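In the numbering used here, the protein residues as written are 306 to 355.
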């Protein structure tokens, strides 16, 4: 992500965004590692009407 930010916005702006990009990368890794079983609801409380 940092490389893409450097290409799009320049090195100075990419460095300013670095903490945000690090947190975003970690969040993406956590979501990708989360496993759902068939029938699992990914959001809301069980039995909650949407």
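C-beta: ideal position from N, C-alpha, C; glycine also.
Note that this is a predicted model, so its numbers are computed, not measured.
Beta-carbon separation (whole angstroms), residue i vs residue j, contact threshold 8 Å
{"i": "residue 319", "j": "residue 310", "result": "4 Å"}
C-alpha gap between residue i and residue j, whole angstroms
{"i": "residue 340", "j": "residue 321", "result": "33 Å"}
{"i": "residue 314", "j": "residue 335", "result": "27 Å"}
{"i": "residue 343", "j": "residue 327", "result": "31 Å"}
{"i": "residue 329", "j": "residue 337", "result": "12 Å"}
{"i": "residue 345", "j": "residue 308", "result": "36 Å"}
Endpoints, the alpha helix (DSSP H) within which residue i is located
{"i": "residue 324", "result": "316-338"}
Reduced DSSP category for residue i - H, G, I as helix; E, B as strand; rest coil
{"i": "residue 307", "result": "helix"}
{"i": "residue 346", "result": "coil"}
Cβ-heavy atom distance, residue i to the ligand ADP, below 7 Å
{"i": "residue 341", "result": "Because no ligand of any kind appears in the structure shown, any question about the ligand ADP cannot be addressed here."}
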